[in-house]
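In the working numbering, the protein residues as written are 109 to 248. Backbone N, C-alpha and C fix where the C-beta goes; we use that ideal spot for every residue, glycine too. First comes the structure, then the notes that go with it.
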């Protein structure tokens with residue numbers, strides 16, 4: 109993956125130069141790299157992290173240009189990866205592959221990967237809610 113990390117600034121540069129629709133493809137590729145590649149070598153970290161930051165800004169701009177289909181899901185996955193949520197990115201990118209049919213009743217069920225993301229979001233929402241409640245408490 110070292111080559112992918114080294115290519116990241118160039119991918120973002122190209123994504124910024126092509127049409128918005130073409131740009132989305134480059135951002136999705138970088139999102140996949142950020143989701144699955146693992147540890148960034150020390151010598152590539154500064155330029156790679158800057159590329160991810162630039163990619164996030166560009167991806168947020170491209171949301172408006174994105175078709176409402178699988179590309180939207182992949183672009184949202186890339187944004188999640190750029191924000192440090194590789195778990196959510198993976199779920200969005202693999203959504204069609206993480207479901208299964210219950211052998212007993214035939215109902216479509218979701219795997220533990222999806223459940224982990226749901227649980228994390230619930231925990232974080234509860235934590236944010238408790239912070240808001242603390243701020244709203246009258247002082248004694």
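Rounded to the nearest angstrom, how far is the Cβ of residue 177 from that of residue 224, given a contact under 8 Å? A Cβ-Cβ separation of about 26 Å leaves residue 177 out of contact with residue 224 under the 8 Å criterion.
According to the Cβ coordinates, are residue 250 and residue 117 closer than 8 Å? In this structure the chain extends from 109 to 248, so residue 250 is not present and cannot be described.
Using CA atoms only, rank isn't needed, just tell me which of 183, 110 and 146 is closest to residue 129. Of the listed residues, the one whose Cα sits closest to residue 129 is 183.
Suppose the cutoff is 7 Å on Cβ atoms and the five residues either side in sequence are ignored; what does the same chain contact list for residue 246 look like? Caution is warranted here: a pLDDT of 46 is assigned to residue 246, below 50, making its placement in the model unreliable, and no coordinate value can be reported.
Which residues bound the alpha helix (DSSP H) around residue 129? Annotation: the continuous alpha helix (DSSP H) that includes residue 129 extends over 128 to 144.
Three-state class that DSSP yields for residue 163 in the structure shown: In this structure, residue 163 counts as helix in the three-state DSSP scheme.
Cut-off 6 Å between Cβ atoms - residues of its own chain near residue 147, not counting five sequence neighbours on either side: For residue 147, where only same-chain residues beyond five positions count, there are no Cβ hits under 6 Å.
Close Cβ partners of residue 159 (< 6 Å) along its chain, the five nearest in sequence each way excluded: If we look at residue 159 and ignore the five residues flanking it on each side, its Cβ neighbours are 116, 117 and 120.
To the nearest angstrom, how far is the alpha carbon of residue 172 from that of residue 201? Their Cα atoms are separated by approximately 19 Å.
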